[in-house]
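For the sequence shown, this note's numbering begins at 5 and goes up steadily by one. Ideal placement from N, C-alpha and C gives every residue a C-beta, glycine not left out.
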Amino acid sequence: MSEASHSGLSQAQIAHFIEHGYLKLQDAFDGELARQGRNQLWSAMGLSPDAPETWTQPVVRLGFMTGKPFVEAANTPLLQGAYDALVGKGRWLKPKGLGTFPVRFPSPNDPGDAGWHVDASFGTDNPDFMQWRVNVKSSGRALLMLFLFSGVGEMDAPTKIRKGSHRAIAKQLLPHGEGGLTLGELAADFFASTADCEEVLAIGPAGTVYLCHPFLVHSAQPHRGAKPRFMAQPPLLPKGEFDPSLPPSPVQVAIRRAIGAEV
5 MSEASHSGLS QAQIAHFIEH GYLKLQDAFD GELARQGRNQ LWSAMGLSPD APETWTQPVV
65 RLGFMTGKPF VEAANTPLLQ GAYDALVGKG RWLKPKGLGT FPVRFPSPND PGDAGWHVDA
125 SFGTDNPDFM QWRVNVKSSG RALLMLFLFS GVGEMDAPTK IRKGSHRAIA KQLLPHGEGG
185 LTLGELAADF FASTADCEEV LAIGPAGTVY LCHPFLVHSA QPHRGAKPRF MAQPPLLPKG
245 EFDPSLPPSP VQVAIRRAIG AEV
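As structure tokens, this is what we get:
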């Protein structure tokens with residue numbers, strides 16, 4: 005991308021992230037890494053790209069992958085510069101791999117996981133994931149990231165994004181302080197406060213990465229295309245809690261603007 009460099013992002017890109025809650029970076033990692041990653045994912049599933057008759061499930065979930073293609077894809081100079089630009093230099097932990105991978109297959113069946121949500125930040129030791137929590141500081145999560153390891157078109161189960169929805173979630177979380185809300189509490193009204201947001205599809209060629217605000221409301225959907233979709237949806241983890249002595253990062257600026265605090 006012409007506006008991005010290995011030293012970070014342009015002011016226009018940062019402004020887009022603050023306003024809309026996400027940033028699309030095409031060619032964020034190499035297509036050869038994507039190919040190597042897909043090969044490892046096929047092996048991990050025990051399936052073959054040449055045997056579509058064995059693709060019997062609409063989605064197969066794979067956990068955290070630590071192979072070389074995943075470590076390298078998560079840590080390209082472009083992405084590390086973007087992490088610095090959005091989260092703050094020295095305020096994030098270097099990814100040691102990528103995951104989870106919900107690998108989606110062409111299928112007429114409901115995948116059973118298509119619903120609007122935000123990803124949890126803490127309390128994930130509770131076996132009931134609807135009790136996992138999010139607070140207005142986004143404790144435990146610096147970014148939500150979507151790594152496309154295959155080309156994803158409109159029919160290939162692209163993640164749906166509610167543009168600008170992070171602002172409504174910040175307002176919803178504000179009264180609940182450090183404890184925040186559970187995923188169940190956030191979803192109690194089916195995210196009605198974000199229903200009018202414009203929907204955007206996370207599409208692009210293999211090697212595309214979407215860097216998303218932790219509060220961005222998004223949803224899976226069924227696969228109506230022809231080839232399996234390979235995507236990782238990891239968090240970028242922060243090094244620690246918010247430090248008020250440091251300048252606010254774009255992630256924090258977006259929250260402050262949403263709740264009417266000074267930036």
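Query	Result
Cα-Cα separation, Ser-9 to Glu-57	The predicted position of Ser-9 is uncertain, since its pLDDT is 43 and thus under 50; a value taken from the coordinates is nonetheless stated next. Spanning the two alpha carbons is a distance of roughly 43 Å.
Own chain partners of Pro-254 with C-beta closer than 6 Å, once the 5 adjacent residues on each side are dropped	Ile-18, Phe-21, Ile-22, Leu-90
contact_flag[the stretch 140 to 159, the stretch 237 to 254] where n(CB pairs < 8 Å) is 3 or more	yes
Sequence-distant residues of its chain with Cβ nearer than 8 Å to Glu-7 (five each side left out)	Caution applies to Glu-7, whose pLDDT of 39 falls short of 50 and renders its modelled position unreliable; the value that the coordinates give is listed next. Taken in chain order, the residues that qualify are Leu-13, Ser-14, Ala-16, Gln-17.
Leu-27 versus Ser-197 - alpha carbon distance	22 Å
Cβ shell of Glu-203 (< 8 Å), same chain only, five flanking positions each side left out	Lys-164, Ile-165, Arg-166, Lys-167
3-residue-minimum beta strand (DSSP E) runs that sit fully inside the stretch 127 to 209, ordered along the chain	147 to 152, 164 to 166, 203 to 205
For Gly-12, the three-state DSSP class (helix, strand or coil)	strand
Opening and closing residue of the alpha helix (DSSP H) in which Pro-106 lies	Segment 105 to 108 is the beta strand (DSSP E) holding Pro-106; no alpha helix (DSSP H) there.
Through-space distance from Phe-74 to Arg-145, alpha-carbon basis	19 Å
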